[in-house]
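A.B. asks: Residue numbers (our numbering): 9 to 201.
We put the beta carbon where it would ideally sit given N, CA and C, even for glycine.
#1: Quick check on the DSSP output: what are the complete beta strand (DSSP E) runs of length 3 or more inside the segment 28-78, in order along the chain?
#2: For residue 64 versus residue 133, is the C-beta distance shorter than 8 Å?
#3: In terms of residues, what are the limits of the alpha helix (DSSP H) holding residue 187?
#4: Return the residue from the list 38, 69, 47 and 66 that minimises the CA-CA distance to residue 55.
#5: Do you know offhand how far residue 172's Cα is from residue 96's?
#6: Going by DSSP in three states, residue 87 sits in which element: helix, strand or coil?
#7: Quick one: what does DSSP say residue 12 is sitting in, helix, strand or coil?
#8: Does the beta-carbon distance from residue 136 to residue 152 come in below 8 Å?
#9: For residue 131, which beta-bridge partners are listed by DSSP?
#10: From the DSSP secondary-structure annotation, give me the bridge partner or partners of residue 164.
#11: Can you tell me whether residue 176 is helix, strand or coil according to DSSP?
#12: Where does residue 22 sit, in a helix, a strand or coil, going by DSSP?
#13: Which residues does DSSP pair with residue 170 in a beta bridge?
#14: So, do the segment 41-58 and the segment 70-79 have three or more beta carbon pairs nearer to each other than 8 Å?
#15: Relative to the C-alpha of residue 90, which candidate in 78, 104, 79 and 77 has its C-alpha closest?
#16: Alpha carbons only, please: which of 130, 14 and 20 is nearest the one belonging to residue 174?
#17: So, for residue 203: in the same chain, excluding its five sequence neighbours on each side, which residues have a beta-carbon less than 7 Å away from its beta-carbon?
#18: Can the beta-carbon of residue 147 be found less than 8 Å from the beta-carbon of residue 156?
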């Protein structure tokens, strides 16, 4: 009976945890937009309306950002926000991360690599190959920067290593992250690059 329960738990846990995260995200968006939407529509408000408004707003921002005037306004706002003490630390870091994964000119960002350090192999994401404009001593022509994520999404570390210690592998970032996040338990099924 214990084995059957364990099998059931192991089957349902990924579904339950995934649903819990999605519900938390939707609930957070609903809570953020609930008050302004209730203020606008009054008694016509129903649960979920804040979430609908959030998705519509995100969609229209995506459309509007193609407008040159909106791009200039956004650029100005970004420059102002990037100067606010303390806030700028988080804002700039999150902005850099979003820009890294934003597709541009059909180019895919992120390449999965294996870093070989004294016989130990680490799976990572190649994040930088060019150090132009960086202070002397950080990187170099024979160096690359790799982000090595840790299992179960508890963080990771960024390291600059000799190019000779890095080998590109035929995995998408999604496949590599799935492998790392599950501590190597999950396979790398799915589409190749």
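C.D. replies: In short:
#1: none
#2: no
#3: 181-189
#4: Checking every option, the nearest Cα to that of residue 55 belongs to 38.
#5: 35 Å
#6: helix
#7: The answer is helix: DSSP assigns residue 12 an H, G or I state.
#8: In this structure, residue 152 lies closer than 8 Å to residue 136 by Cβ.
#9: 122
#10: 157
#11: strand
#12: helix
#13: 151
#14: no
#15: 104
#16: In terms of CA proximity to residue 174, 130 leads the group 130, 14 and 20.
#17: The requested residue 203 does not occur in the structure, where the chain is confined to residues 9 to 201.
#18: no
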